[in-house]
Amino acid sequence: MAPSLKHLRVLILGASLTLAGPLFAQMGEVFPVWPSEAAQEAPAIHGNRIVWHEFIPGPGDYDIVVTDINTPEGIQGVILSEPGDQMNPDVWEDTVVWQSLMTEPGESTHWDVWAARMFFMETPETFNVSRVFENDEQMPRISGNTVVWEDGPLDNTSIYAADITDINQPLEFSIAAYDSKQVAPAIDRLRVVWQDDDPGDWDIYASDIWLRNDPREISVTPFEKQQTAPAISGNTIVWQDQETGNWDIYAATIQGDCIVYLPPLTEDTSDQVNPAVDGQIVVWQDSRHGDWDIYAAHIKTGQEFRITRHAANQVRPAVYGRVIVWQDDRDGYWQIYAMVLNDGPLTRERDACSEEEVLD
């Protein structure tokens with residue numbers, strides 16, 4: 222049965238910024254992506270699109286904001302608005318996914334995964350990815366035509382996916398459905414990572430989903446302590462690790478059936494959490510100065526550099542190419558800020574193992 226289309230109210234945001242031209246800002250400059258008096262949270266980026274969820278005071282709920290950051294007119298944006306909360310978006314090229322709080326007959330509520338094709342910002346084509354009344358589907362992530370998410374009751378979530386090539390009939394399949402709990406999925410191309418609490422602590426797992434009916438699973442971190450919050454780009458997986466007693470950022474590469482562990486990206490005695498990766502650039506939030514700042518590192522060279530120095534908190538970073546975005550409370554409430562990197566030459570080359578583009 223084909224999923225019903227969701228009729229979202231699309232609000233066109235006026236061009237309140239006049240930062241035009243390639244990548245819309247001077248390199249190294251920190252700037253708000255779309256200044257607002259409403260709380261903005263959970264940014265994601267791919268290509269020219271930055272998305273987040275934003276609290277809309279009128280209806281009093283969260284909606285999805287989609288911006289195009291590289292148009293001739295400057296930054297352009299729309300709000301995908303619907304009664305109830307729309308949260309935790311992700312984006313791949315022209316497709317945005319998010320979780321939507323649905324109210325069923327009898328006033329029961331649950332989270333479903335929805336998506337929109339944004340070939341034209343003003344006329345998104347919106348469709349349901351997964352809708353199971355008795356379960357919650359949350360934390361969707363997208364790469365190409367594949368969407369992954371957490372599925373199930375909160376005490377026993379699993380990782381599921383759907384091929385959305387045909388938006389009228391997404392093909393859903395299971396990636397990891399065990400007695401333990403699987404959460405926090407991430408995906409790049411045909412490789413999915415997540416954290417799993419079997420056998421009692423959190424570990425990172427990965428699966429190659431080239432064969433959907435027979436996904437090839439591998440344990441990335443069969444260690445003691447806690448490993449959580451995985452992210453992936455090509456053959457590179459990053460996560461936060463409690464091996465030393467505080468949280469640090471670790472990385473590994475998948476080479477065939479082998480996991481090659483890289484030197485820790487951080488070893489400071491404070492906490493470094495919430496990593497994201499694109500190519501050779503890893504970003505995270507860092508508490509070494511008493512508040513949360515955004516840091517980055519180049520995997521190949523090991524070079525670390527500080528992105529933000531403001532006394533407020535900067536959290537939940539995301540990265541694509543030279544552009545880093547994050548959630549920032551320097552204005553007294555959360556806003557989405559960004560920076561265009563200018564630290565060293567960054568060019569795209571082919572990874573000999575994956576034949577995918579990586580940043581060098």
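So that you can map any letter, position 68 of the sequence shown is 289 in our numbering, and since no number is skipped, the others follow by simple counting.
Glycine included, every Cβ here is placed at the ideal spot set by N, Cα and C.
Computed from a predicted structure; not experimentally measured.
### Message
What does the alpha-carbon distance come out to for the pair Gly-373 and Pro-293?
### Response
Between Gly-373 and Pro-293, the C-alpha separation is close to 44 Å.
### Query
Looking only at its own chain, which residues have a Cβ that is under 6 Å from the Cβ of Asp-409, when we skip the five neighbours before and after it?
Result list for Asp-409: Ser-364, Ile-453 and Ser-454, in chain order.
### Query
In three-state terms, what does DSSP make of Pro-391?
Residue state for Pro-391 is assigned as coil, using DSSP reduced to three classes.
### Task
List the endpoints of the continuous beta strand (DSSP E) containing Trp-415.
Run containing Trp-415: 412-417, per the beta strand (DSSP E) assignment.
### Task
Could you name the residues of the same chain whose beta carbon sits closer than 7 Å to that of Val-334, not counting the 5 residues immediately before and after it, in chain order?
Here the set comprises Val-318, Gln-320, Val-350, Ser-351, Glu-358, Pro-361, Val-368 and Trp-370.
### Query
Exposed or buried, which one is Arg-270 when buried takes at least 16 other CB atoms within 10 Å?
Arg-270 comes out buried.
### Task
Over the uninterrupted beta strand (DSSP E) stretch that includes Ile-475, give me the two end residues.
In the DSSP assignment, Ile-475 falls within the beta strand (DSSP E) that extends over 469-476.
### Every unbroken beta strand (DSSP E) inside the segment 331-386 [3 residues or more]
For the segment 331-386, the continuous beta strand (DSSP E) assignments of 3+ residues that do not extend past its boundaries occur at 346-351, 357-364, 367-373 and 379-384, in sequence order.
### Query
Which stretch, first to last residue, makes up the beta strand (DSSP E) that contains Asp-315?
Neither: Asp-315 is in no beta strand (DSSP E) and is coded neither H nor E.
### Query
Start and end of the beta strand (DSSP E) containing Leu-301?
That run of the beta strand (DSSP E) goes 295-302.
### Message
Quick check: what's the CA-CA separation for Asp-419 versus Glu-262?
### Response
Across the structure, Asp-419 and Glu-262 are spaced so that their CA atoms are roughly 30 Å apart.
### Query
Just how far apart, CA to CA, sit Asp-400 and Gln-476?
Going from the Cα of Asp-400 to the Cα of Gln-476 covers about 29 Å.
### Query
Between the C-alpha atoms of Arg-509 and Asp-417, what's the straight-line distance to the nearest angstrom?
Whole-angstrom Cα-Cα distance: 28 Å.
### Task
Have a look at Leu-301 and Pro-538 and give me their C-alpha separation to the nearest angstrom.
For Leu-301 and Pro-538, the distance between alpha carbons rounds to 22 Å.
### Task
Return the bridge partner residues of Tyr-558 from the DSSP annotation.
DSSP, once it has assigned bridges, lists Pro-253 and Trp-547 as partnering Tyr-558.
### Same chain, Cβ closer than 6 Å to Asp-462, neighbours up to 5 away in sequence not counted
Correct list, in chain order: Gln-448, Asp-469 and Tyr-471.
### Task
Go ahead and pull the three-state DSSP assignment for Trp-513.
Three-state DSSP puts Trp-513 in coil, outside helix and strand.
### Message
Helix, strand or coil, according to DSSP, for Asp-499 in the structure here?
### Response
Strand, per DSSP.
### Message
If I follow the unbroken beta strand (DSSP E) through Val-441, where does it start and stop?
### Response
No beta strand (DSSP E) contains Val-441, which DSSP labels as neither H nor E.
#### Entry: Rounded Cβ spacing between Lys-446 and Asp-429 (contact assumed at less than 8 Å)
For Lys-446 against Asp-429, the beta-carbon gap comes to about 26 Å, at or over 8 Å, which does not count as contact.
### Task
Return the residue from the list Asn-366, Val-272 and Asn-377 that minimises the CA-CA distance to Asp-387.
Ranking Asn-366, Val-272 and Asn-377 by Cα distance to Asp-387 puts Asn-366 first.
### Task
Could you check if Pro-243 is buried or exposed, using at least 16 other CB atoms within 10 Å of its CB as the buried criterion?
The predicted position of Pro-243 is uncertain, since its pLDDT is 34 and thus under 50; a value taken from the coordinates is nonetheless stated next. It counts as exposed.
### Message
What residue range does the beta strand (DSSP E) around Asp-489 cover?
### Response
Per DSSP, Asp-489 belongs to no beta strand (DSSP E) and is neither H nor E.
#### Entry: Spatially closest choice to Phe-340 from Leu-486, Gly-542 and Val-299, by CA coordinates
Ranking the options by Cα distance to Phe-340, first place goes to Val-299.
### Message
In this structure, how does DSSP classify Ala-427 when only helix, strand and coil are distinguished?
### Response
Looking at Ala-427 - three-state DSSP - the assignment turns out to be strand.
### Query
So, helix, strand or coil for Glu-464, using DSSP?
It is coil, neither helix nor strand.
### Message
Just to confirm the assignment, what range does the beta strand (DSSP E) spanning Arg-270 have?
### Response
Note, Arg-270: beta strand (DSSP E), 270-277.
### Query
Can you tell me whether Ser-257 is buried or exposed, with buried defined as 16 or more other CB within 10 angstroms of its CB?
By the neighbour-count rule (16 or more Cβ atoms within 10 Å), Ser-257 is buried.
### Message
Within 10 Å of its beta-carbon, does Trp-415 have 16 or more other beta-carbons around it, so buried, or fewer, so exposed?
### Response
Burial call: buried.
### Task
Check Leu-244 in the structure and name its three-state DSSP category.
Here the model assigns Leu-244 a pLDDT of 37, short of 50, so the residue's position is not dependable, and the following value carries that caveat. The three-state reading of DSSP puts Leu-244 in helix, counting H, G and I together.
### Task
Could you tell me the distance, in whole angstroms, from the CA atom of Val-498 to the CA atom of Asp-478?
Rounded to the nearest angstrom, the two C-alpha atoms are 22 Å apart.
#### Entry: Per-residue DSSP class, three states only, for Leu-483
It is coil, neither helix nor strand.
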